[in-house]
Each structure stands twice: as structure tokens, then as C-alpha cells.
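Q: With the first letter of the sequence shown counted as 1, position 240 gets the number 240 in UniProt numbering; the numbers rise by one all the way through.
Please find one structure pasted underneath; my questions will follow.
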Amino acid sequence: MTALVAARALGWLTAHRDAFRLPADATTDADRDLTWKPLGELAQLTGRIATLHPDPDLRAEAGDLFAFAWAETREGALFADLVHREPHATYPVEIYAVFAQAGLRHPAADELTAVSGRLRSRAVALDTPTRTLGVLMAERRIGLAPHADPAAELACTWLGVRPEPWALDLRTAYGLTHDVFHVTDWGADRTALDPEAADYLRLWLPAWLDDRLAQGEWDLVAELLAVGACLPDADPYDDAWARLARAQSADGAVPEQEAFPRDSFRACYHSTLATAFAATLALFGRDSAS
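Printed below as a string of C-alpha cells:
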């Protein structure tokens, strides 16, 4: 079932690839949340799918989407423009790092990200420990010295503190999922999770999933399933996967929430990406266990 869910989701992403294209003003006036954010998410998740999915055909399809995303950045040249214009901003560094980890680099982008990482204004731009963890991971991927202590930052996140589970709301839930993704390098290293953190997640994830499934919040359901797949000896969460599969349209689209329109790229792109990613991690985990 998860294999079919992943294949359908990747098919939808391929069919809607042009909607991820950057506009001509991508480095000047464009809204980053409508341009760079979707492209960066496409790169991050298809890059991981291209390395972890057990099916070579789907790895190739994800690899094509990843290559498309790199080409949209003019093979890294646009990152140099972004960092030059916004030296304090972190999003250019985080997205560039996805490609750098895959061996795709641009000399000017390398030089400018190294300089911008030493600016005091960079620290002001980071508003939560989870965001800081993301930047620290980006620095590691690029090969830069970390500007802060990753362990100290992790200790201040939801995953580090591990509060009462009933306190988890929509905002903190997304923070928690990203804590896990940053620690495990987006599912590539499931051993990186502290055993106590893994036990906490294993204990409470079923309840959190039930809550979000009941509300039809498919985007968060997919991210929570991805978290589950990052755990060593994880539960397969078969019921949650069956319900997410039923929420997926025949063309592969998964809406962020049940009430959202299924013919809207904005309403479906991230949740469809997250579904393909979560399914890939689940399949990768099962193959590794066997």
C-alpha cells in the first residue's frame, strides 16, 4: 500500500513540475513563501527519496525532480544573488545546503554562505531552536563550522524537553516533526535519535496520529508518519497509512486538509510531497529491518 501511495504522489509531483518553476524576479521582488519555499521543499524531499526509495524507477523519477530543482536555481548561481542581497537570511543557505550535500555546488554561493555565516545579524534572524537546528544542519552539509552548539539547541526544542503530550498543538507539532528531521538528516540516520527521545515518540505518536486523522489534517499526518518511520523498530502504523491512502486522489494528490480543494496546487503540493517522503521512509525502514 505505501509503495502505491508513494508512486501516485510522485506521479502527481512530476505532472505538476512546472508549478514549482521560479519566476523571473525570484531574487528580487518575488514572495519567497510562494517561490523558494516550494522549490526548496521539492529539492529536500525528492533528494531524500532519490537516495532511499527501494524502487529504482521511483528513485530515478525523484532524481529527475531534484535535477529540475537544481536547474531552476541556474545551477546555484541564484543562491549567490540571494545571499548577496539578503546576507542575514537563512533560507538561501538552507536550500543551497540540500544541493551541496548531493555534490552540487556553485563557487560564489560557497564563498558568500561562508561569509554570511559569520555575521552577527544571522543570530537575530533565528527565532526558535528548531530553526537554529535547521541552519546548523545546513552548515554541516555545506562544510561550514557550526555557529552554535547543536546539542544545546536540541535541548531547548520540544524533542529535547519532551513536554506533556497533550500540550502538542498544530504549531508545536510541526516543530517536533522538524526536530526529528534535523536530527536524523531527514530520515537518513535513524540511529541519531536519543533512545529516550525515540521512546517518547514511540509512546505518544499513535495518539497524536489518531487526533490528526480524525481532523483530516493530512499534511501533518504525513509528517507524523515520516517521524514514525525515523524510529528504530517503528510500528508500521497500518491503520494510519490506510486512511491516508483513502484520502489520496486517484491522480496522486493529497490535500493539506480534507476540506481543501484537490485541484489546487497550493492546497496539495506540500502534503503530496510529505506523503511521498513518508512512504519512502517507511519502505526504506522495512527493507533495512529485513
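Yeah, the Cβ is synthetic: ideal placement off N, Cα and C, and Gly gets one too.
Looking at the structure shown, is residue 268 part of a helix, part of a strand, or coil, going by DSSP?
A: Reading the sequence shown from its first residue, position 268 is the one you call residue 268. Reduced to three states, the DSSP call for residue 268 is helix.
Q: Should residue 292 go down as buried or exposed, given a rule of 16 or more other Cβ atoms within 10 Å for buried?
A: Beyond the ends of the chain as shown, which are 1 and 290, falls residue 292; an answer cannot be given.
Q: By a C-beta neighbour count over all protein chains shown, 10 Å radius and 16 as the cutoff for buried, is residue 98 buried or exposed?
A: By 1-based counting over the sequence shown, the position of residue 98 is 98. The C-beta of residue 98 has 16 or more other C-beta atoms within 10 Å across all chains shown, which makes the residue buried.
Q: Does the beta-carbon of residue 161 have 16 or more other beta-carbons within 10 angstroms, so that it is buried, or is it exposed?
A: The residue you call residue 161 lines up with position 161 of the sequence shown. Residue 161 should be labelled exposed.
Q: Take residue 310 and list the residues in its own chain whose beta-carbon comes closer than 7 angstroms to its own, dropping the five residues that flank it on each side.
A: Only positions 1 to 290 of the chain appear in the structure, and residue 310 is not among them; the question remains open.
Q: What do you get for residue 350, buried or exposed, if any count of 16 or more other CB atoms within 10 angstroms of its CB means buried?
A: Given that the chain is displayed from residue 1 to residue 290, the structure contains no residue 350 and the question cannot be resolved.
Q: Secondary structure at residue 208, three-state DSSP: helix, strand or coil?
A: Residue 208 sits at position 208 when you count from the first residue of the sequence shown. Residue 208 falls in the helix class under three-state DSSP.
Q: Should the segment 6–14 be regarded as contacting the segment 61–76, the criterion being three or more beta carbon pairs within less than 8 angstroms?
A: Flag = yes, the segment 6–14 and the segment 61–76 touch.
Q: Ignoring anything shorter than 3 residues, give me the beta strand (DSSP E) runs that lie fully in the segment 60–105, in order along the chain.
A: none
Q: Smallest Cα separation from residue 106: which of 73, 150, 197 and 54?
A: Start at 1 with the first residue of the sequence shown, and residue 106 comes out as number 106. Cα-wise, what sits closest to residue 106 is 73.
Q: Mind the definition here: the segment 177–196 touches the segment 220–235 only if three or more C-beta pairs lie below 8 angstroms; say whether that holds.
A: yes
Q: On a CA-only basis, which of 29, 197, 56 and 78 is nearest residue 40? Give me that one, please.
A: Position 40 of the sequence shown holds residue 40. Comparing Cα-Cα distances from residue 40 to each of 29, 197, 56 and 78, the minimum goes to 78.
Q: Can you tell me which of the three DSSP states residue 260 falls into?
A: Position 260 of the sequence shown, counted from the first residue, corresponds to residue 260. Correct three-state label for residue 260: coil.
Q: Let me make sure I understand the geometry here. Which of 270, 234, 259 and 252 has the alpha-carbon closest to that of residue 200?
A: Working through the sequence shown from its first residue, we reach residue 200 at position 200. Out of 270, 234, 259 and 252, 234 has the C-alpha closest to the C-alpha of residue 200.
Q: How big is the Cα-Cα spacing for residue 117 and residue 81?
A: Counted from its first residue, the sequence shown places residue 117 at position 117. Counted from its first residue, the sequence shown places residue 81 at position 81. Their backbone Cα atoms lie some 16 angstroms apart in a straight line.
Q: If you drop the 5 nearest sequence neighbours on each side, which residues of the same chain put their C-beta closer than 6 angstroms to that of residue 244?
A: Along the sequence shown, read from residue 1 onward, the residue named residue 244 stands at position 244. 221, listed in sequence order.
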